[in-house]
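Participant:
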Amino acid sequence: MNTLPTVLLLAGGDSTRLWPLSDKHSLIFLGKPLAYYALSQLVRFGFKNIIVVVSERNKSLFELLKSEFPGVVITLVMQEDRRGMAGAVLSAKKYIERNPVLIVGPSDVFEDTLVSDFVNYLPKVQDGMLTGIHLNDYFPGGYLKVLNDKVVSIIEKPEREKRGSNIVRLIFDYFKDTSDFLKILQNTESKNDDIYEKAIGILIGKKANISFLSYTGFWGHVKYPWDVLTLSSYFLSKITNQTIKAREIAKSATIRGPVIIESGSRVLDHAVIIGPTYIGKNCIVGNNTLIRESIIGEGSVVGFASEVARSVVGNNCYFHNNYVGDSVISDHVSMGAMATTANFRLDQKSVSSAVNKQKLDTGKVKLGSIIGQMSKVGVHAALMPGIKIGKNSFISSGAIVESDVPDNSFYKSEINFKLVTNKHSKK
1 MNTLPTVLLL
11 AGGDSTRLWP
21 LSDKHSLIFL
31 GKPLAYYALS
41 QLVRFGFKNI
51 IVVVSERNKS
61 LFELLKSEFP
71 GVVITLVMQE
81 DRRGMAGAVL
91 SAKKYIERNP
101 VLIVGPSDVF
111 EDTLVSDFVN
121 YLPKVQDGML
131 TGIHLNDYFP
141 GGYLKVLNDK
151 VVSIIEKPER
161 EKRGSNIVRL
171 IFDYFKDTSD
181 FLKILQNTES
191 KNDDIYEKAI
201 GILIGKKANI
211 SFLSYTGFWG
221 HVKYPWDVLT
231 LSSYFLSKIT
241 NQTIKAREIA
251 KSATIRGPVI
261 IESGSRVLDH
271 AVIIGPTYIG
281 KNCIVGNNTL
291 IRESIIGEGS
301 VVGFASEVAR
311 SVVGNNCYFH
321 NNYVGDSVIS
331 DHVSMGAMAT
341 TANFRLDQKS
351 VSSAVNKQKL
361 DTGKVKLGSI
371 IGQMSKVGVH
381 AALMPGIKIG
391 KNSFISSGAI
401 VESDVPDNSF
411 YKSEINFKLV
421 TNKHSKK
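Under full-length UniProt numbering, the first residue of the sequence shown carries the number 1, and numbering increases by one thereafter.
1. What do you reckon, are the CB atoms on residue 375 and residue 401 nearer than 8 Å?
2. Pull the bridge partners of residue 402 from the DSSP assignment, please.
3. Starting from the C-beta of residue 83, find all residues in its chain whose C-beta is less than 7 Å away, skip the five residues before and the five after it, and write them out in chain order.
4. Along the chain, which unbroken stretches of the beta strand (DSSP E) at least 3 residues long are found entirely within the segment 31-73?
5. Looking at the structure shown, is residue 173 part of a helix, part of a strand, or coil, going by DSSP?
6. Spatial neighbours of residue 190 within its chain, please: CB distance less than 7 Å, with the 5 preceding and 5 following residues excluded, ordered by chain position.
7. Just reading off the beta strand (DSSP E) that residue 254 is part of, what are its end residues?
8. Out of 366, 398, 4, point me to the one whose CA is closest to residue 380's CA.
9. DSSP on residue 121, reduced to helix/strand/coil?
10. In terms of alpha-carbon separation, which member of 74, 146, 232 lies closest to residue 204?
11. Taking the alpha carbon of residue 65 as the point to measure from, which residue in 25, 102, 96 has its own alpha carbon closest?
12. Shortest alpha-carbon distance to residue 271 belongs to which of 263, 44, 251?
13. Checking 8 Å against the spacing of the C-beta atoms, do residue 285 and residue 267 come in under that value?
14. Given a cut-off of 8 Å, decide if residue 330 and residue 390 are closer than it, judged by their beta-carbon atoms.
15. I need the DSSP call for residue 95, collapsed to helix, strand or coil.
16. How long is the line joining the alpha carbons of residue 122 and residue 5, rounded to whole angstroms?
17. Work out the CA separation of residue 48 and residue 1 for me, nearest whole Å.
18. Beta-carbon within less than 6 Å of residue 366's beta-carbon, same chain only, minus the 5 sequence neighbours each way: which residues are those?
19. May I ask which residues mark the beginning and end of the beta strand (DSSP E) holding residue 142?
20. Three or more C-beta pairs closer than 8 Å, one from the segment 9-25 and one from the segment 98-109: is that the case here?
21. Could you give the C-beta distance for residue 352 and residue 361, rounded to a whole number, given that I count them as a contact under 8 Å?
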């Protein structure tokens, strides 16, 4: 008999902070969407009943993923209530009421040890359990105060100096019986996006016995577009040897380290691929190219003399004599010859990038560009560090892009020429 609780995956968010990228759960790593990894991890540990709160943009993705896990009941629920996590949970109320439930954020990436520790600790839990990770650096999220392995309070997005704790709350919450929590959640109001956290605080105030599960492994999250690069490094680190299914590997090509090359791909003369690297199906790695520590999506062409370093490239992208460093490139993007993603400030400080008109420190000393799908970059264009280009946009030849470019835009640099007589010419 399966004694594990129902799992509620919260995938109904709108991912607005991820612009110009689309739904975070659809992001592809090593040929699989991020949502696949969350589901497969739970299934490996024996969870058989999974409810997924979805949005219009990712419902079809989860419909497809259901077929990947035979024997597991995966129920999709549209998020009708738009009040953040609280709305997502209440959208699934009829499926989880009075039942033990594990609530998980499927865009977060954890090591298997978190799930195994949870399963082992489960019999000792009285009313519920919250999970946290000790971080010395500030993270703009929720924080837990813990006393004698019990959670005594939750603080949502405190100021850096007012944290009162270094335990960051992870979205891995367990409730033995959701009835009381759902009642509190329905009656809690807030002008901020913290109804869910306030409801937990009220539940704790009513003397609920909430255990604390401490996690010490890798934690990857997708809050901002540059977080994709951190997840990419993690997934690439899981490649431990070479798996070469390519249609053609030139004798003069060099493949070094842990590398996966999927079927139908071609690696031409004098190309160099340094692992960990993943190259999807039906790609072309052109002459004299260098690819290192990157993910290349299906059907993409990394053309002559291009370098792709520590980047994530989507499907059906096209490069020719380009430098793409520490960048995230969506599907169907092309770059003209000599177009470059600058990825390093001359003063060597960490790169800043704007999100919802607010300038943020990315914490990354090297960060190139984030480019939305269907966009094109002209020859000799220079994209400055941290720049984001929206979907279906065009960057003119020779442009120097120093600020974000919205969706459906044409970015053109004004260049003035002056024609003068050549005094040194022979008459």
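All C-beta atoms, glycine included, are put in the ideal place defined by N, C-alpha and C. All values reported here derive from a predicted model rather than from experimental measurement.
Facilitator: Taking the coordinates as given:
1. As a working note, residue 375 is residue 375 in the sequence shown. As a working note, residue 401 is residue 401 in the sequence shown. No, these two residues do not count as a Cβ contact at 8 Å.
2. Start at 1 with the first residue of the sequence shown, and residue 402 comes out as number 402. Answer is none; residue 402 lacks a bridge partner.
3. By one-based count along the sequence shown, residue 83 stands at place 83. Correct list, in chain order: 195.
4. Listed in chain order, they are 49-54.
5. As a position in the sequence shown, residue 173 is number 173, starting the count at 1. If DSSP states are grouped into helix, strand and coil, residue 173 belongs with the strands.
6. Here residue 190 is taken as the residue at index 190 of the sequence shown, counted from 1. Excluding positions up to five away in sequence, the list reads 198.
7. By 1-based counting over the sequence shown, the position of residue 254 is 254. Residues 254-256.
8. Stepping through the sequence shown from its first residue, residue 380 is reached at position 380. Out of 366, 398, 4, 398 has the C-alpha closest to the C-alpha of residue 380.
9. Residue numbering aside, residue 121 sits at position 121 when the sequence shown is read from its first letter. Looking at residue 121 - three-state DSSP - the assignment turns out to be helix.
10. For the purposes of this step, residue 204 is taken as the residue at position 204 of the sequence shown. Ranking 74, 146, 232 by Cα distance to residue 204 puts 146 first.
11. One-based indexing of the sequence shown puts residue 65 at position 65. Minimum Cα distance to residue 65 is reached at 25.
12. Translated into the one-based positions of the sequence shown, residue 271 becomes position 271. If we check each option's Cα against that of residue 271, 251 comes out closest.
13. Here the question's residue 285 lines up with position 285 in the sequence shown. Here the question's residue 267 lines up with position 267 in the sequence shown. By the CB criterion at 8 Å, residue 285 and residue 267 fall inside the cutoff.
14. Residue numbering aside, residue 390 sits at position 390 when the sequence shown is read from its first letter. Residue numbering aside, residue 330 sits at position 330 when the sequence shown is read from its first letter. For residue 390 and residue 330, no; Cβs fall outside 8 Å.
15. Taking the sequence shown and counting its residues from 1, one reaches residue 95 at position 95. In the structure shown, residue 95 sits in a helix (DSSP, three-state: H, G or I).
16. Residue numbering aside, residue 122 sits at position 122 when the sequence shown is read from its first letter. Residue numbering aside, residue 5 sits at position 5 when the sequence shown is read from its first letter. For residue 122 and residue 5, the distance between alpha carbons rounds to 10 Å.
17. Counting from 1 along the sequence shown, the entry for residue 1 is found at position 1. Counting from 1 along the sequence shown, the entry for residue 48 is found at position 48. Here the model assigns residue 1 a pLDDT of 47, short of 50, so the residue's position is not dependable and the matter cannot be decided.
18. The residue you call residue 366 lines up with position 366 of the sequence shown. Cβ neighbours of residue 366 beyond the five flanking positions: 326, 343, 344.
19. Counting from 1 along the sequence shown, the entry for residue 142 is found at position 142. For residue 142, the enclosing beta strand (DSSP E) covers residues 142-147.
20. They touch, by the three-pair rule.
21. Position 352 of the sequence shown, counted from the start, is the residue given in the question as residue 352. Position 361 of the sequence shown, counted from the start, is the residue given in the question as residue 361. The pair is a contact, with the Cβ atoms about 6 Å apart (cut-off 8 Å).
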